[in-house]
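Okay, structure first, notes after.
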Amino acid sequence: LSQREMGVAALRLVPKCPGVRPILNLGKRKSNPFMNKDKKGNWDPAINFLLKDAFAVLGFEKDVCLELGENVTGASIFAFNEAHSRLLSFVTRVKEKYSGNIPKLYFVSTDIKHCYDSIKQEKLYPIIKNIIGDNYAEYIVQRYGTAYIDSNKVLKRKKTKVF
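Residue 56 in our numbering is what sits at position 53 of the sequence shown, and the numbering runs on without skipping anything.
As structure tokens, this is what we get:
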């Protein structure tokens, strides 16, 4: 990743009191007027596509740490399906603790002002280093697709494995 340019992202401004909230769509391939197309006439890939391998490696290392009993990411979740499993385990613990008489639960949704702007890189780097470690191991990222028939429908899934 250190050798690559990250490219350009689509910026959208959403009205918010007072002012606007900038939203970057990193998953959309965007033409860059300052960069040329490649030999086939394609624009640069989306930023999320360029970061896929790095994200897969972080997820792999997080899973390895959890298997070793180390929770290095705290309450962080890496995907929406992790939120469901965390909520399910929470509800199970509450049911066991209160023997089925579950008290009223309140959920709070918050919006942290300037969340990503306020992340201090010098604090984030040691956390990532703690997850990955100093060994700078080489990883193999394998991507493949599966397809199967279920109820006369062809279902396709993309999978990623890291070794």
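Note that the Cβ used here is the ideal one computed from N, Cα and C, for glycine as well.
As the structure is a computational prediction, the values presented were derived from the model and not from experiment.
To the nearest angstrom, how far is the alpha carbon of residue i from that of residue j?
i	j	result
F93	L71	21 Å
I152	L158	6 Å
A49	D56	13 Å
A86	K65	15 Å
V23	R89	33 Å
G136	A82	23 Å
I122	S112	20 Å
K100	N84	25 Å
A150	L91	29 Å
P21	L108	32 Å
F110	Q124	30 Å
K19	T95	38 Å
Below 8 Å on the Cβ atoms is my guess for residue i versus residue j; work out the distance and round it to an integer in Å.
i	j	result
C68	I134	7 Å
G148	K156	About 16 Å separates the two Cβ atoms, so there is no contact after all.
Among all the DSSP beta bridges, which residues are the ones paired with residue i?
i	result
R171	In the structure as shown, the chain starts at 4 and stops at 166, and residue 171 therefore has no counterpart that could be examined.
I26	R15
V67	Its beta-bridge partners do not exist; DSSP assigns none.
V165	V144
Leaving out the 5 sequence neighbours to the left and right, which residues in its chain are closer than 6 Å to residue i when beta-carbon positions are compared?
i	result
T163	A59, R146
F102	Correcting the residue identity first, residue 102 is Ser in this sequence and not Phe. Excluding sequence neighbours, S102 sits near nothing in its chain.
Ordered along the chain, which non-local residues of its own chain (more than five positions away) have a Cβ less than 8 Å from that of residue i?
i	result
V165	A59, V60, G62, F63, Y142, I143, V144, Q145
A13	L27, N28, K31, K33
I80	A86, R89
N51	L29, G30
I16	Inspection of the sequence shows that residue 16 is occupied by Leu rather than by Ile. Result list for L16: V23, R24, P25, I26, in chain order.
L126	According to the sequence displayed, residue 126 carries Lys and not Leu. Counting only Cβ-Cβ distances below 8 Å, and skipping sequence neighbours, we find nothing.
Please go through the same chain and pick out, in chain order, the residues whose beta-carbon is closer than 7 Å to the beta-carbon of residue i, but skip the five residues on each side of it.
i	result
K98	I105
Examine the Cβ distances between the region 125-138 and the region 71-80 and report whether three or more of them are shorter than 8 Å. yes
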